[in-house]
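A.B. asks: This is the structure I have questions about; it appears just below.
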């Protein structure tokens, strides 16, 4: 069986977005149980030169939903550093991304194969094919930001484990 563009991208985005949604819910429960304001985590960073939790979640959405939409449109722009979300807004942003990606059919995503897509960062333009963009740029960024968001929660006391990051596995039925 050949691995399709849909299987390599959207199916993986949905698995990890489900996990992100789950660990955001788990974090909120932890905060409520311990009388911690969830808004305190939104601007938390792992290191002073890293972007905050808010940006990590925004980037997870941009490098999943935004990546597929970028391939469809032929241009991908990075997320804004200044998008103002509170904790509930970040949860909703992930939910909306999952809903949007769930609407894509394998046929529609697979039809994007071979398209040109440009990563546009100001005056810089990096040309890719759809496959090259998704596999060498979007997916690595997606996993980096999902991992960083997970790590910020873990280092701030949220009881998460590896299973929380993996999400729902694609088991043989």
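In our numbering, the protein residues as written are 8 to 180.
No residue lacks a Cβ here, since even glycine has one placed at the ideal position from N, Cα and C.
Can you say whether residue 81 is buried or exposed, counting buried as having 16 or more other CB atoms within 10 angstroms of its CB?
C.D. replies: Residue 81 should be labelled exposed.
A.B. asks: According to DSSP, is residue 56 part of a helix, a strand, or is it coil?
C.D. replies: In the structure shown, residue 56 sits in coil (DSSP, three-state: anything other than H, G, I, E or B).
A.B. asks: Using 9 Å as the threshold, is the C-beta distance between residue 75 and residue 17 below it?
C.D. replies: Contact: yes.
A.B. asks: Taking the beta strand (DSSP E) that residue 131 belongs to, which residues open and close that run?
C.D. replies: That run of the beta strand (DSSP E) goes 131-136.
A.B. asks: How many angstroms separate the CA atom of residue 88 from the CA atom of residue 143?
C.D. replies: Looking at the two C-alpha atoms, the distance is approximately 22 Å.
A.B. asks: Among 139, 84, 126 and 68, which residue has its Cα nearest to the Cα of residue 105?
C.D. replies: If we check each option's Cα against that of residue 105, 68 comes out closest.
A.B. asks: Is it right to say residue 61 is buried, meaning 16 or more other beta carbons lie within 10 angstroms of its own, or is it exposed?
C.D. replies: It is buried - the Cβ of residue 61 has at least 16 other Cβ atoms within 10 Å.
A.B. asks: Does the pairing of the stretch 171-180 with the stretch 39-55 give three or more beta-carbon distances under 8 Å?
C.D. replies: Output reads no: the stretch 39-55 does not touch the stretch 171-180.
A.B. asks: Closest to residue 15 by C-alpha separation, out of 146, 176, 111 and 163, would be which residue?
C.D. replies: It is 146.
A.B. asks: Taking residue 77 as the reference, which of 29, 178 and 122 has the closest Cα?
C.D. replies: Cα-wise, what sits closest to residue 77 is 122.
A.B. asks: Residue 165 by DSSP, collapsed to three states: which one?
C.D. replies: In the structure shown, residue 165 sits in coil (DSSP, three-state: anything other than H, G, I, E or B).
A.B. asks: Quick check on the DSSP output: the beta strand (DSSP E) that includes residue 14 runs from which residue to which?
C.D. replies: Taken as a continuous stretch (DSSP letters only), residue 14 belongs to no beta strand (DSSP E), being part of the alpha helix (DSSP H) at 12-15.
A.B. asks: Is the stretch 89-101 touching the stretch 125-137 in the sense that three or more CB pairs, one from each, lie closer than 8 Å?
C.D. replies: Verdict: no, contact absent.
A.B. asks: For the beta strand (DSSP E) holding residue 126, just list the boundary residues, first then last.
C.D. replies: Start and end: 123-128.
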